[in-house]
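> Position one of the sequence shown corresponds to residue 7 (the numbering used here), numbered consecutively onward. The beta-carbon is built from N, C-alpha and C at its ideal position, and this holds for glycine as well. For clarity, every value in this text was computed on a predicted model and none was experimentally measured.
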Amino acid sequence: MSNEPDGSLLYEAITGKQHRLEKGIETPAFMIELSDTLLINVHIAAKRLDILIKDQEVFRYIGDLSFSGLDEEGKLLFHSLGINHVHFNNRNIRIDNPECKMSTIFVKLSLDKKRETEKKLQGL
7 MSNEPDGSLL YEAITGKQHR LEKGIETPAF MIELSDTLLI NVHIAAKRLD
57 ILIKDQEVFR YIGDLSFSGL DEEGKLLFHS LGINHVHFNN RNIRIDNPEC
107 KMSTIFVKLS LDKKRETEKK LQGL
C-alpha cells in the first residue's frame, strides 16, 4: 500500500497486481479482481463487499452488498447512490430511478421460499 500524489492509494489485490483506489476508500481485508474494470473489496468483520469500478485509471466506490442482517433478519442489503434502475426476472419487471430517490435495496431470503419455487419449477 502506498499513497499517490493525487490522494489515491495503491493497493495490492490477491493476485499480486496493484490498483489505484480513490481517496477515502476503506482498506479491505483483501481485494478480488473480477475484471480489468471491476474490483470487490472484502470486509470480513463488517460482513460487506464493496464494489469498485474503474474511472480515469482510478477505482471508485459505486456500491456495497452487506450481509450483516442475514443472520438476524434473513436480509441482504445492497446500497449505492448510482442506482439507475432495478430489474427482476431477466428484465420482465423494471423499476427506474429517474429522481435518484432509490439508494437502498433489501432482499429478504427464505429457504422455505426456495423450496416452494423449486417445486413450482419442477411442476409439483
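1. Provide the residue(s) that pair with ARG121 in DSSP beta bridges, ordered along the chain.
2. Which residues in the same chain have their Cβ closer than 6 Å to the Cβ of GLY13, if we skip the five residues on either side of it in sequence?
3. Decide yes or no for the touch test of the region 91-103 against the region 66-74: beta carbon pairs closer than 8 Å, at least 3 of them.
4. If you scan the region 7-86 from start to end, which runs of the alpha helix (DSSP H) of 4 or more residues do you find wholly inside it?
5. Pick out whichever of LEU27, ASP102, SER116 has its Cα sitting closest to the Cα of GLU10.
6. In whole angstroms, what separates the C-alpha of LEU55 from that of PHE112?
7. Here's a check: name, in chain order, each residue in its chain whose Cβ is nearer than 7 Å to the Cβ of LEU87, leaving out the five neighbours to either side.
8. Using only CA atoms, which one of ASP70, ASN90, GLU124 lies nearest to LEU44?
9. Please report the distance separating the alpha-carbon of THR21 from that of LEU130.
10. State the Cα-Cα distance for the pair GLY75 and SER116, rounded to the nearest angstrom.
Once the coordinates are examined:
1. The residue you call residue 121 lines up with position 115 of the sequence shown. Its beta-bridge partners do not exist; DSSP assigns none.
2. Residue numbering aside, residue 13 sits at position 7 when the sequence shown is read from its first letter. If we look at GLY13 and ignore the five residues flanking it on each side, its Cβ neighbours are LYS29.
3. As far as the Cβ criterion goes, the region 91-103 does not touch the region 66-74, which means the pair count is below three.
4. 76-79
5. Locating residue 10 in the sequence shown gives position 4, counting from the first residue. That would be LEU27, whose Cα lies nearest to the Cα of GLU10.
6. As a working note, residue 55 is residue 49 in the sequence shown. As a working note, residue 112 is residue 106 in the sequence shown. Distance between the alpha carbons of LEU55 and PHE112: 15 Å.
7. Taking the sequence shown and counting its residues from 1, the one referred to as residue 87 is at position 81. Result list for LEU87: SER109, in chain order.
8. Residue 44 sits at position 38 when you count from the first residue of the sequence shown. Ranking the options by Cα distance to LEU44, first place goes to ASP70.
9. Taking the sequence shown and counting its residues from 1, one reaches residue 21 at position 15. Taking the sequence shown and counting its residues from 1, one reaches residue 130 at position 124. Whole-angstrom Cα-Cα distance: 46 Å.
10. For the purposes of this step, residue 75 is taken as residue 69 along the sequence shown, with counting starting at 1. For the purposes of this step, residue 116 is taken as residue 110 along the sequence shown, with counting starting at 1. Using only the alpha carbons, I get a separation of about 13 Å.
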